[in-house]
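Asks: Got a structure for you, questions after.
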Amino acid sequence: MHAIEFHKLTKYYGKARGIIEVDFNVEEGEIFGFIGPNGAGKSTAIRTILGLIFPTSGSADIFGRDCIKYGPEIRENIGYLPSEVFYYEKMKVIDLLKYSAGFYKKDCTKRLYELADIMELDLKRRIEDLSYGNKKKVGIVQGLLHQPKLIILDEPTSGLDPLMQQKFFDIISEENSKGSTVFFSSHILAEVQELCSRVAIIKEGKIIKLEDIKTLRQDNYKKIVVKGDNLDSSAYRIEGVSEMTGDTRTLNFFYRGDINKLSRIISSQKIEDILIQEPTLEEIFMHYYK
Amino acid sequence: MNIFIYEMKTYQNSIIIWSLSISALMLLFMAIYPTFAEDAALMESILSNFPEEFARAFGMGGNLSLTSVPGYFKFIFIYIQLAISIQSSNYGFHFLSVDERELTADFIMSKPVSRRKLVISKFSAAFSGLIITNTITTAAGLISIELFRNGNSYDAGNILVLMSSTFFFQLFFLSAGMLVSVSVKKIRSVLAYSMGLAFGMYIISALKEALGMKALGYISPFYHFEPGYMIEFGKYNMERASISFAFIIVSIVVSWNLYMKRDIHSL
């Protein structure tokens, strides 16, 4: 059984595009990255599977059940952390978390305190007195206290300092190792790279690529830096070279293709140094968004 | 139950303040009554000098003398209704729109709660708040009449019929507010809407009285539940009240259907 199945899920807000025929599966037990720039439709897809908005056409199943029809039952097993967190300002943190825990059938008290402890959350303060980062921590605790089978994260790390981010990732990895599926939407690629096993890339409402994070990173692209005294960039204008920048002393470019062809060109010139790197996801990403 | 309890807590202060204010208003109004009643003849002659349209618009017209207990109570009850209509519309415009306005909808709606349950809990909480207010103010009304009636007689049954109408009167504004709040994209300021609705309806009814335009009155619950009729005859004017009943049912049904399909937007 898949944790999430999108079936040609489409959402228009009136005439405005939300997502168009999104169609892929998230396997049970994996950490799945969902990446794209702001406005690509990441939140739209997430809000649909949570039943906050309704599809224009198509559908989505969570653990094999339609996300609209069985919304309340499905949400019993979902933990959701939105990108912007808003809670009842007048409430104390502990009251909000208890309120949140009260919606689930099982007793969540123990896990509530555990998580609050890990996140170093002050339970006695009022929500309105919390900084943005602290509100975010409340969000993390309320989203995970019922040990959900599916964790949905919508750009979760904004507002968290690096230390807290690491703690957060540790918790997520831990939940994942206990069997939870994680659906992780982000535009920060480094964090996706760190955690996820597979990714879907969304652009202007459409899924443009669905891939293993390893394949995506390889994808035969190499990032190449050549240094020398008098480099001739025109010699490198062969098929597969892109994003050429630099001058006669340094050349930066990406190459995808037969590496022998490139090595022949390089060896035909006098160079001082050469650097061949794996491109970061960020750089691959830029490529898809050109 | 979880949501209902939370909602009731958020209404707590509001219920206390409204109940006390309305009760105080009634007490204050009734405290002036003895002065009215003592010099009945003089009062009558002053009132008869008012232009009839003016007197009617301010609830001083009709068959009942302002110097009698029912006549006086009818007169003040319009202002009680005005206060009640503001409170009821406040709750009506508020209870389904607040989570979207304050962006807490993402929190509550990603919990394992159906929209049905959410609406029912929130509606029940708002309406319970109104019923509590109603109960307290009814008691305060009866007490203030007893305190200041100055030996004049009145029919307690008729007063109770009048007071009981508040229940529907509140429902009218609650459901109207709810209907508007799920029909528009976002309610930015509840107060602007509720004041508009409450005073708007009051003015329509006052205009109807002043101008004698009966058709105009049918729009307004201030006319449907006009105190004079109920206090004089001890029953609702069903011809008018049923318009309110129908409106309440229609707005609840329509709001329900709209909310079940409503998209909840984030920022």
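Sequence lines, in order, name chains F and L.
Everything in the first sequence is counted per UniProt numbering, starting at 1 for the first residue and increasing by one.
Everything in the second sequence is counted per UniProt numbering, starting at 1 for the first residue and increasing by one.
We treat Cβ as the ideally placed atom computed from N, Cα and C, and that holds for glycine.
#1: For Thr-250/F, which beta-bridge partners are listed by DSSP?
#2: Rounded to the nearest angstrom, what separates Tyr-154/L and Ser-23/L at their Cα positions?
#3: My output table needs one value for Asp-107/F: the three-state DSSP class, helix, strand or coil.
#4: How about the segment 158-167 of chain L and the segment 47-60 of chain L: do they share at least three Cβ pairs that are nearer than 8 Å?
#5: List, in order along the chain, the chain L residues whose C-beta lies closer than 7 Å to that of Glu-76/F?
#6: Taking only beta-carbon positions, decide if Phe-86/F is within less than 8 Å of chain L.
#7: Could you give the C-beta distance for Val-93/F and Leu-123/F, rounded to a whole number, given that I count them as a contact under 8 Å?
#8: If you follow the beta strand (DSSP E) that Arg-237/F is in, where does it begin and where does it stop?
#9: Should the segment 4-23 of chain F be regarded as contacting the segment 61-76 of chain F, the criterion being three or more beta carbon pairs within less than 8 Å?
#10: Using 8 Å as the threshold, is the segment 98-112 of chain L in touch with the segment 193-201 of chain L, meaning 3 or more CB pairs across them?
#11: Give the residues of chain L in contact with Glu-73/F, contact being defined as C-beta atoms less than 8 Å apart.
#12: Output needed for Ile-145/L: all residues of its chain with C-beta closer than 8 Å, excluding positions within five of it in sequence on either side, in chain order.
#13: Tell me which same chain residues have a C-beta within less than 8 Å of the C-beta of Leu-64/L, skipping the five on either side of it?
#14: On a Cα-Cα basis, can you pick out the residue from Pro-279/F, Asn-134/F and Leu-144/F that is closest to residue 297/F?
#15: Straight-line CA distance for Ile-142/F to Ile-213/F?
#16: Give me, in chain order, the residues of the same chain whose beta-carbon lies closer than 6 Å to that of Leu-153/F; leave out the 5 immediate sequence neighbours on both sides.
#17: Please list the partners that Ser-43/F has in chain L, where partner means a Cβ-to-Cβ separation under 7 Å.
#18: What span of residues does the alpha helix (DSSP H) with Tyr-229/L cover, start to end?
#19: Taking just the CA atoms, how far does Leu-103/L sit from Glu-27/F?
#20: Could you give the distance in angstroms between the alpha-carbon of Ser-181/L and the alpha-carbon of Pro-34/L?
#21: Return the CA-CA distance between Asp-161/F and Ile-127/F, expressed in angstroms with no decimal places.
#22: Is Ser-174/L near Leu-216/L, with beta carbons less than 8 Å apart?
#23: Thinking C-beta only, is Phe-32/F closer than 8 Å to Cys-196/F?
#24: Listed from N- to C-terminal order along the chain, which residues in the segment 85-104 of chain L have their beta-carbon within a distance smaller than 7 Å of any beta-carbon of chain F?
#25: Run down chain F in chain order and give the residues with a C-beta less than 8 Å from the C-beta of Lys-261/L.
#26: Per DSSP, which residues does Thr-181/F bridge with? Please list them.
#27: Just to confirm the assignment, what range does the alpha helix (DSSP H) spanning Val-113/L have?
#28: Short of 6 Å in beta carbon distance, which residues of its chain neighbour Ile-271/F, apart from the five on each side in sequence? Order them along the chain.
#29: Roughly how many angstroms lie between the CA atoms of Ser-100/F and Ile-16/L, to the nearest whole one?
#30: Quick check on DSSP: helix, strand or coil for Leu-9/F?
#31: I'd like to know whether the C-beta of Gln-65/F is nearer than 8 Å to at least one C-beta of chain L.
#32: Going by beta carbon distance, what residues of the same chain come within less than 7 Å of Asp-99/L, once the five residues before and after it are set aside?
#33: Hey, is Tyr-113/F's beta-carbon within less than 8 Å of any beta-carbon in chain L?
#34: Step through the CB atoms of chain F and report whether any lies within less than 8 Å of the CB of Asn-257/L.
#35: Measure from the C-beta of Tyr-11/L to each C-beta in chain F and report whether the shortest distance is under 8 Å.
#36: Cβ atoms of Ile-265/F and Ala-235/F: under 8 Å apart, would you say?
Replies: Taking the structure as given:
#1: Lys-227/F
#2: Distance between Tyr-154/L and Ser-23/L, taken at the CA atoms: about 20 Å.
#3: coil
#4: no
#5: Here the neighbours are Pro-112.
#6: yes
#7: 5 Å
#8: Segment: none, Arg-237/F is in no beta strand (DSSP E) and carries neither H nor E.
#9: yes
#10: no
#11: Pro-112
#12: Within its own chain, the residues whose Cβ lies closer than 8 Å to the Cβ of Ile-145/L, once the five positions on either side in sequence are excluded, are Met-30, Val-69, Phe-73, Tyr-154 and Ile-159, listed in chain order.
#13: Closer than 8 Å at Cβ, skipping near neighbours: Pro-70, Gly-71, Lys-74, Gly-228, Ile-231 and Glu-232.
#14: Lying before the first or after the last residue shown, residue 297/F is absent from chain F, which here runs from 1 to 290.
#15: With the sequence shown as reference, residue 142/F is identified as Gln, and Ile is not the correct amino acid for it. Rounded to the nearest angstrom, the two C-alpha atoms are 29 Å apart.
#16: Leu-81 and Phe-184
#17: Ser-266
#18: 227-233
#19: 31 Å
#20: When rounded, the distance between both Cα atoms is 44 Å.
#21: For Asp-161/F and Ile-127/F, the gap between their C-alpha atoms comes out near 19 Å.
#22: According to the sequence shown, residue 174/L is Leu rather than Ser. Their beta carbons are not under 8 Å apart, which means Leu-174/L does not touch Leu-216/L by this criterion.
#23: yes
#24: Glu-102, Leu-103 and Thr-104
#25: Phe-54
#26: Answer by DSSP bridge pairing, in chain order: Leu-150/F.
#27: No alpha helix (DSSP H) contains Val-113/L, which DSSP labels as neither H nor E.
#28: Val-226 and Gly-228
#29: 27 Å
#30: In the three-state reduction of the DSSP assignment, Leu-9/F falls in the strand class, which pools E and B.
#31: A quick correction: the sequence has Arg, not Gln, at residue 65/F. It does not; no Cβ of chain L falls within 8 Å.
#32: Excluding residues within five positions, the ones whose Cβ falls inside 7 Å are Ala-105 and Ile-108.
#33: no
#34: no
#35: no
#36: yes
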